[in-house]
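Peer 1: Once you know that position 692 of the sequence shown is 692 in full-length UniProt numbering, the rest is easy, because the numbers rise by one and skip nothing. Encoded as structure tokens, here's the structure I'll be asking about.
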Amino acid sequence: MKTAKERLTDALRMSVVDTMTFFNTSRLGLTEEQVEENRDLYGENELTKGQEDSIVKKIYESIINPFTVILLLIALVSLVTNVWLAKPGQEDPTTFIIIVVLVLLSGSIRFVQELRSDKAASNLSRMIVNTVTVVREGKEQEIPITELVVGDIIRLSAGDMLPADVLILDSRDFFVQQSGLTGESDAVEKMALDKCEIKDTESLLESDSLAFMGTNVISGRASALVLVVGDDTKMGAIEQTLNTYDEPTSFEREMNSISWLLIRLMLVLVPIVFFINGLTDGDWLEAGVFALSVGVGLTPEMLPMVITASLAKGSILMAKEKVVIKKLNAIQDLGAIDILCTDKTGTLTQDEIVLEYPLDIHGDLDLAVLRRAYLNSYYQTGLKNLMDRAIINRTEKEAEKHEIVRNLDQTFKKIDELPFDFERRRMSVLVRDDENVVSMVTKGALEEMLTISNSVEYKGNILPLTEEIRQEILAEVAQLNEQGLRVLGVSYRSDLDADYEYTVKDESDMILTGYLAFLDPPKPSAAPAIKALAEYGVATKILTGDNEKVTEAVCEKVGLDAKNILLGSMIETMSDEELSRVVETTTVFAKLSPDQKARIILQLKANGHKVGYMGDGINDAPSMKVADVGISVDTAVDIAKETADVILLDKDLLVLEKGLVEGRKVYANMTKYIKMTVSSNFGNIFSLLISSIFLPFLPMAPIHLIVLNLVYDISCIALPFDNVDREFLQKPRIWSAKSITRFMAWIGPISSIFDCTTFLILFFIIAPMITESVYHHGMSSNFITIFQTGWFIESMWTQTMVIYMLRSPKLPFIQSRPALSVVMTTLAAVFFVTLLPYGPFANLLKVSPLNGTYFLFLMIIMALYMISVTFVKHLYIKKYHEWL
């Protein structure tokens, strides 16, 4: 069997007929039997995105991260000091075992969540299917691109992505953007082999008659023969040999900065604790073990798990709301947007355009205009938009009553076409009637049609297009636009040469026969959705290529301020500084080119906004690419779906609003865990530093620190599923390492105040009461055990119960209810640690039972601690106007 390169090379050297014969195909396409044969011979049309990770690799990546590497190093040191170097009979592997359990537990939960996340992403990706028009057994049909095989004949038009490496059979103004493969910024024209000059030095990628998977069609149409599919394509080869690199999102960058902040803090504090305790007690080995335990206490092992669980949960919930997340980290980015830019068609309007009036140049109903418009819409092979369908539907209805629009597909035969593009804003077809008269029929934006027409038709008579008639037409169209009707002009030329190859330059000296008025009414949900987005702190801006009158009429009906509309022609003359000011105060932008849409979004981002862009057309792809979040719909063109980060299964702003809320919930629960854990750990370490200076012994055994950390982390498993205050969801949120550092500095030391109070009570009241003696150097270890047990339990209570105070700026339970799962896990953690001194593991964990007096003092300390946190929380919110 020939290699992919040989197939492409031979296709350039052989005739098209010979190439088709080689692949057992023809212009009529493959039969079903040939499809299966070619699939077996040449493979499936699916790319394996690099090599899929094995289970072993997934387990490794779930367990190994900067935090767990530090923990495993600590475990290794503990194994050496407490087991290998310990005196006979004094070996104690407990610390080593608990750290390893801690790492494995965190990794296992993350591994399970990753598997669930991968499965959810896989299921969601199946909901978004890119299709291709293929000819099989002489009939055109739409199939998923994964079902394409070598030898298939496919049809391509503007907006399509190339589904395989193909040979162009015929084309018309067929331009392809292939910068992803070649680096060329400009689109290149592709044409049939017999129209190309083949050069021996030409590389395959430079060939004018080959097009490659992953590139996209900018304009025109073509038929092509599939030569190479799947991993054998040029795109597939690149996927197999290169690790594609995605620029980190703002979320990923902030998470990395938070992780390294904690690691730096650990690298500073661990040596300080080590030297203070070594100098105080003189037992450097124990001081080392304790310092390493401090490192364990500072490590938020569950951070990767909480992030993964939150994102996975968010993607599943959003799928239920008809929002498909292509990349998990896009969830938080979606919740962070404060400006949504969108086209109006299909988003604000019902996406069900109806042709209301086919009108002559004086604004009277005229079915002759509909007759020519039908020929243009019916015979074009490019992207049939909603207006084309409306024209065809109206013609079919009128044909039941009027002879003039009946059997047009039998009366006329198509000869050629000049496809639509966004520069001309029009398209033409050439047709021959049953009397062999050849005509060019052109349909497009009225302004464009007036520029290429020098005559008008009225009741069968051809008249010059005078300035008076031009102004009459523009006035009539302006009135229609003010009613929210969109208008297209229809022109034609007759008595043309059937053998001449016409180009866009020949769209001139035409006869304007009339115009078409379309109604695309606003969606009932549009106004409530825009209002709801505004309540969530998201401003909606309309970026459309439509004219300002229609745009103003629609926007006013949905409650958008359309008094100050900025046109593309104005933007063209503005500097970036001028545009920077104008985009802040303008809500509606009309008559924009794709480049102007992208420029507006880039300027909004430069002004500090997080911008989402919602679109479904080929002209929307540049805007989606530059936006913080690209949003599309499952009915969009291929290039739009490929570019988007988020796909809506229902083209409705209300659906987007639900997705945005879920994104903010995910952010809320992740930031809760990070802020609570970091501040709590910092407070404990601050307490350890103070106690290390003033106490003649370690305030807590190393094993206590490790168990404390393990139990606390387990109690946080439910945080991704916690409730979120409605008020928190009202504003866009972005990650900030600065706010986390600030939160840590304010909240952490509060617990240290009560830790020190606990030290005093334990040292002077509780421990002497239980042991019936005050502390003196060399006394029995029971005093120290009582003291360490007391702080161990108090630390668990404060660290866990303060979750309720920190998870919301409101009063817990009264104004803000935590999820039941959070309540159950935190209470279970507190009860577990409190009962340890009375259970079978007391001796192993070096804990001792405490008396009722201790628990009375503990209740008082807890009450004062909660009051203090509430007071500081109030001051913090007053100063920084935020909490989480």
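By construction, the Cβ of each residue, glycine as well, lies at the ideal position given by its N, Cα and C atoms.
How many Å lie between residue 664 and residue 726 at the Cα?
Peer 2: Taking the straight line joining both Cα atoms gives about 10 Å.
Peer 1: Apart from the five residues on each side of it in sequence, which residues of its chain come closer than 6 Å, Cβ to Cβ, to residue 244?
Peer 2: Note on residue 244: pLDDT 44, under 50, position unreliable in the model; the coordinate value appears next. Around residue 244: no qualifying Cβ.
Peer 1: Taking only the alpha-carbon atoms, compute the straight-line gap between residue 891 and residue 375 and give it to the nearest angstrom.
Peer 2: The requested residue 891 is not part of the displayed model; the chain covers only 1 to 884.
Peer 1: Just the Cα atoms here: how many angstroms apart are residue 730 and residue 540?
Peer 2: The alpha-carbon atoms of residue 730 and residue 540 are separated by roughly 15 Å.
Peer 1: Note the first and the last residue of the continuous beta strand (DSSP E) segment covering residue 589.
Peer 2: Unbroken beta strand (DSSP E) run through residue 589: 588–590.
Peer 1: Are there 16 or more other CB atoms within 10 angstroms of the CB of residue 524, so buried, or fewer, so exposed?
Peer 2: Exposed, since its Cβ has fewer than 16 Cβ neighbours within 10 Å.
Peer 1: Could you work out which residue in 453, 459, 830 is closest to residue 466 when comparing CA atoms only?
Peer 2: Residue 453 is the option with its Cα nearest to residue 466.
Peer 1: Can the beta-carbon of residue 562 be found less than 8 Å from the beta-carbon of residue 583?
Peer 2: Contact flag unset, no.
Peer 1: Closest to residue 636 by C-alpha separation, out of 518, 529, 347, would be which residue?
Peer 2: With distances taken between Cα atoms, residue 636 lies closest to 347.
Peer 1: At 4 residues or longer, what runs of the alpha helix (DSSP H) sit wholly inside the stretch 501–583?
Peer 2: Those alpha helix (DSSP H) runs which fall completely within the stretch 501–583 and span 4+ residues are 526–535, 548–557, 568–572.
Peer 1: Could you tell me which uninterrupted beta strand (DSSP E) segments, each at least 3 residues in length, are contained entirely in the stretch 351–404, listed from first to last along the chain?
Peer 2: Within the stretch 351–404, the complete beta strand (DSSP E) runs of at least 3 residues are 354–359.
Peer 1: Excluding the five sequence neighbours on either side, which residues of its own chain have a C-beta within less than 6 Å of the C-beta of residue 201, listed in chain order?
Peer 2: Summary for residue 201: the model assigns pLDDT 44, below 50, so the residue's position carries little reliability; its value from the coordinates is reported in the next sentence. Closer than 6 Å at the Cβ level, and outside the excluded window around residue 201, lies no residue.
Peer 1: Near residue 444, which residues of its chain fall below 6 Å by C-beta distance, leaving aside the five closest residues on each side in sequence?
Peer 2: Correct list, in chain order: 425, 426.
Peer 1: Report all residues from its chain with a CB closer than 7 Å to the CB of residue 504; omit the five preceding and five following residues, and keep chain order.
Peer 2: Only 418, 424 meet the Cβ criterion.
Peer 1: In three-state terms, what does DSSP make of residue 807?
Peer 2: Coil, per DSSP.
Peer 1: Is it buried or exposed, residue 886, if we count other Cβ atoms within 10 angstroms and call 16 or more buried?
Peer 2: Residue 886 lies beyond the stretch modelled for the chain, which goes from 1 to 884, so this question has no answer here.
Peer 1: Based on DSSP bridge pairs, tell me the residues matched to residue 443.
Peer 2: According to DSSP, which records beta bridges pairwise, residue 443 is partnered with 427, 490.
Peer 1: Let me check understanding here. Comparing Cα to Cα, which of 557, 634, 543, 643 lies closest to residue 601?
Peer 2: Taking only the C-alpha atoms, the option nearest residue 601 is 543.
Peer 1: Tell me whether residue 460 is buried or exposed, calling it buried when 16 or more other Cβ atoms sit within 10 Å of its Cβ.
Peer 2: By the 10 Å Cβ count, residue 460 comes out exposed.
Peer 1: Quick check: what's the CA-CA separation for residue 896 versus residue 103?
Peer 2: Limits of the chain in this structure are 1 at one end and 884 at the other, which puts residue 896 out of reach.
Peer 1: Around the C-beta of residue 218, are 16 or more other C-beta atoms found within 10 angstroms, so that it is buried, or is it exposed?
Peer 2: Its Cβ being crowded by 16 or more others within 10 Å, residue 218 is buried.
Peer 1: Just checking residue 210 against the ligand ATP - is the residue's beta carbon closer than 7 Å to any of the ligand's heavy atoms?
Peer 2: By its list of ligands, the structure shown contains no ligand whatsoever, and the ligand ATP lies outside what it can speak to.
Peer 1: Is the separation between the beta-carbon of residue 842 and that of residue 836 shorter than 8 Å?
Peer 2: In contact: residue 842 and residue 836 (Cβ atoms closer than 8 Å).
Peer 1: Quick one, which of 556, 553, 549 has its alpha-carbon nearest residue 567's?
Peer 2: Ranking 556, 553, 549 by Cα distance to residue 567 puts 549 first.
Peer 1: Mind checking which residues open and close the beta strand (DSSP E) that includes residue 414?
Peer 2: Residue 414 -> beta strand (DSSP E) spans 413–421.
Peer 1: Quick one: give me the first and last residue of the beta strand (DSSP E) that residue 454 is part of.
Peer 2: First-last of the beta strand (DSSP E) with residue 454: 453–458.
Peer 1: Is it buried or exposed for residue 20, if we count other Cβ within 10 angstroms and need 16 for buried?
Peer 2: Residue 20 comes out buried.
Peer 1: When you compare the CB positions of residue 269 and residue 77, do they come within less than 8 Å of one another, or not?
Peer 2: No, they are not a contact pair.
Peer 1: Just tell me which of 436, 441, 862 has its CA closest to the CA of residue 430.
Peer 2: Ranking the options by Cα distance to residue 430, first place goes to 441.
Peer 1: Determine the contact status of residue 171 and residue 107, defining contact as a CB-CB distance below 8 Å.
Peer 2: Going by C-beta atoms, residue 171 is not nearer than 8 Å to residue 107.
Peer 1: What does a CB cutoff of less than 7 Å around residue 437 pick up in its chain, not counting 5 residues either side in sequence?
Peer 2: For residue 437, where only same-chain residues beyond five positions count, the Cβ hits under 7 Å are 494, 495.
Peer 1: Along the chain, where does the alpha helix (DSSP H) that runs through residue 335 open and close?
Peer 2: Per DSSP, residue 335 belongs to the alpha helix (DSSP H) from 330–336.
Peer 1: Check whether the stretch 777–797 and the stretch 696–710 are in contact - that is, three or more C-beta pairs closer than 8 Å.
Peer 2: Taking 8 Å as the limit for Cβ pairs, the verdict is that the stretch 696–710 does touch the stretch 777–797.
Peer 1: Starting from residue 715, follow the alpha helix (DSSP H) in both directions and report where the run begins and ends.
Peer 2: First-last of the alpha helix (DSSP H) with residue 715: 702–715.
Peer 1: What does the alpha-carbon distance come out to for the pair residue 593 and residue 472?
Peer 2: Approximately 27 Å, taken between the alpha carbons.
Peer 1: Ignore the nearest five residues each way along the sequence and tell me which others in residue 872's own chain have a CB closer than 8 Å to its CB.
Peer 2: The answer, listed in chain order, is 746, 747, 750.
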